[in-house]
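**Q** Just so we're aligned: the sequence shown equals residues -21 to -1, 1 to 257 in mature numbering (1 follows the signal peptide of the UniProt record, and there is no 0). Ideal Cβ positions, reconstructed from N, Cα and C, are used throughout, including at glycine. Please see the structure below; I have some questions.
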Amino acid sequence: MKTKILLVSGMILFMTSSLFAQEFQGKAYYQSKTTINVDLSGRNIPENRKQMIKERIKKANEKTFILNFNQLESIYKEDVKLEQPETNRGGGMRFGMMGGNSENYYKNVKKGTYVVKNDLFGKIFLVQDSLPKLNWEMAGDTKKIGKYTVFKATATKTIKRPNMGTLFNRNTENKEQEYTEKEIQIVAWYSPEIPINQGPAAYWGLPGLILEISDDITTILCSEINMNPKEKVEIKSPSKGKVVNQTKYDEIAKTKMKEMRENFQNMRGGREGQGGRH
């Protein structure tokens, strides 16, 4: 396999001729870890129960994902292990933030579109919209991830996340506290040795496959890459589900989150009331 090294504006680009000379496909495995801080202080919950809740949240947010990709398309999905039956306990309550309960995340970089299949409390949605674009700034930093040389790029974006603390706080009166909006920095490491415009989850837009990416709470790191595997995977958009755009889905998710919080607090209030009777 021939590799050409080009210097463009001070950046080294590795152009692998065999990748351009044929239709190719790859499979990349990613380890995703998300840290969610849930404030349980001041709650009438035994310490061992608090620790169990925190451990369950931590475990639920350590996942393995698989990205199947070609030059134009990719499909990103969780590698679900059969030995994890407790993943969906708690009435459909999940704590994932950067992959969450998305079964499939399909990207078409030629068309600039994505389709993601989401299970929201038992109802399936197909979220179809334009790919989000980040204004990447290239940095001069390099390092190795496995055998690949990767380059650093950064971007900023404004995000709005559910505030998990309100779920456990019955006395929350300020509805704006249900969501936290802030500007965060995204740090990506990509490899021009795999010259495709792809990456895990919603990320893309760099001159090489993104092998590592992190925001304020989540890090996604590639642990294995298999180029041109013998068993090809058909990369196609997910189907079956209620079709909505991202804005509409966010509105529905916000409403469902509010309902879940109120139901949880009402249920807990009922238990506490029964416990107080003599």
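Given LEU208, which residues of its chain have a CB within under 6 Å of its CB, disregarding the five upstream and five downstream residues?
**A** In the sequence shown, counting from the first residue as 1, residue 208 sits at position 229. The identity of residue 208 in the sequence shown is Pro, whereas the question assumes Leu. Once the five neighbours on either side are set aside, the close Cβ partners of PRO208 are LYS6.
**Q** Relative to the C-alpha of LYS161, which candidate in ILE196, ILE45, GLY119, TYR9 has its C-alpha closest?
**A** To locate residue 161, count along the sequence shown from 1; it is residue 182. For the residues ILE196, ILE45, GLY119, TYR9, the minimum Cα distance to LYS161 belongs to ILE196.
**Q** Quick one: what does DSSP say LYS237 is sitting in, helix, strand or coil?
**A** Mapped onto the sequence shown, residue 237 falls at position 258. It is helical.
**Q** Using the three-state DSSP reduction, which class does ASP229 fall into: helix, strand or coil?
**A** Looking up residue 229 in the sequence shown gives position 250. Helix.
**Q** For ILE45, which beta-bridge partners are listed by DSSP?
**A** As a working note, residue 45 is residue 66 in the sequence shown. DSSP output for ILE45 lists TYR8, LYS56 as bridge partner(s).
**Q** Mind checking who LEU188 pairs with in its DSSP beta bridge?
**A** Sequence index remark: in the sequence shown, residue 188 carries index 209 (1-based). The partner list for LEU188 (beta bridge, DSSP) reads SER170.
**Q** Over the uninterrupted beta strand (DSSP E) stretch that includes ILE124, give me the two end residues.
**A** On the sequence shown, position 145 is the one that residue 124 refers to. 116 to 124 is the extent of the beta strand (DSSP E) around ILE124.
**Q** Specify the secondary structure class of PHE100 as computed by DSSP and reduced to three states.
**A** Indexing the sequence shown from 1 puts residue 100 at position 121. Note: PHE100 maps to coil in three-state DSSP.
**Q** Are the beta-carbon atoms of GLU191 and LEU200 separated by less than 8 Å?
**A** Within the sequence shown, the letter at position 212 stands for residue 191. Within the sequence shown, the letter at position 221 stands for residue 200. Contact: yes.
**Q** For LYS102 versus ASN83, is the C-beta spacing smaller than 8 Å?
**A** By 1-based counting over the sequence shown, the position of residue 102 is 123. By 1-based counting over the sequence shown, the position of residue 83 is 104. No. Outside cutoff.
**Q** Relative to the C-alpha of PHE48, which residue among ARG140, TRP183, SER11 is closest?
**A** As a working note, residue 48 is residue 69 in the sequence shown. The candidate whose alpha carbon is nearest that of PHE48 is TRP183.
**Q** What are the boundary residues of the beta strand (DSSP E) that ILE204 is part of?
**A** Residue mapping note: residue 204 aligns to position 225 of the sequence shown, counting from 1. Where ILE204 is concerned, the enclosing beta strand (DSSP E) stretches over 197 to 206.
**Q** So what's GLN164 in DSSP terms, helix, strand or just coil?
**A** For this step, residue 164 is matched to residue 185 along the sequence shown. It is a strand residue.
**Q** Hey, how far is the Cα of ILE231 from the Cα of ARG240?
**A** Taking the first residue of the sequence shown as position 1, residue 231 is located at position 252. Taking the first residue of the sequence shown as position 1, residue 240 is located at position 261. Using only the alpha carbons, I get a separation of about 14 Å.
**Q** For GLU203, collect the residues of the same chain with a Cβ closer than 6 Å to its Cβ; drop the 5 residues on either side in sequence, then sort them by chain order.
**A** As a first step, residue 203 is located in the sequence shown; it is residue number 224 there, counting from the start. Within the same chain, GLU203 has close Cβ partners TYR8.
**Q** If contacts are defined as beta-carbon pairs under 8 Å, then VAL94 and GLN107 qualify, I think. What distance do you get, rounded to the angstrom?
**A** For this step, residue 94 is matched to residue 115 along the sequence shown. For this step, residue 107 is matched to residue 128 along the sequence shown. About 5 Å; that satisfies the 8 Å criterion.
**Q** Of the residues THR198, ILE36, LEU46, GLU26, which one's Cα is nearest the Cα of ILE175?
**A** Numbered from 1 along the sequence shown, position 196 holds the residue referred to as residue 175. Checked all of THR198, ILE36, LEU46, GLU26; the closest Cα to ILE175 is LEU46.
**Q** Looking only at its chain, what residues have a beta carbon closer than 7 Å to the beta carbon of GLY220, apart from the 5 residues adjacent to it on each side?
**A** Numbered from its first residue, the sequence shown carries residue 220 at position 241. Correct list, in chain order: LYS96, ILE103, PHE104, LEU105.
**Q** For GLN30 and THR14, I'd like the C-alpha separation in whole angstroms.
**A** Reading the sequence shown from its first residue, position 51 is the one you call residue 30. Reading the sequence shown from its first residue, position 35 is the one you call residue 14. Distance between the alpha carbons of GLN30 and THR14 is about 15 Å.
**Q** Identify whether PHE3 lies in helix, strand or coil by the three-state DSSP scheme.
**A** Working through the sequence shown from its first residue, we reach residue 3 at position 24. Looking at PHE3 - three-state DSSP - the assignment turns out to be coil, as it is neither helix nor strand.
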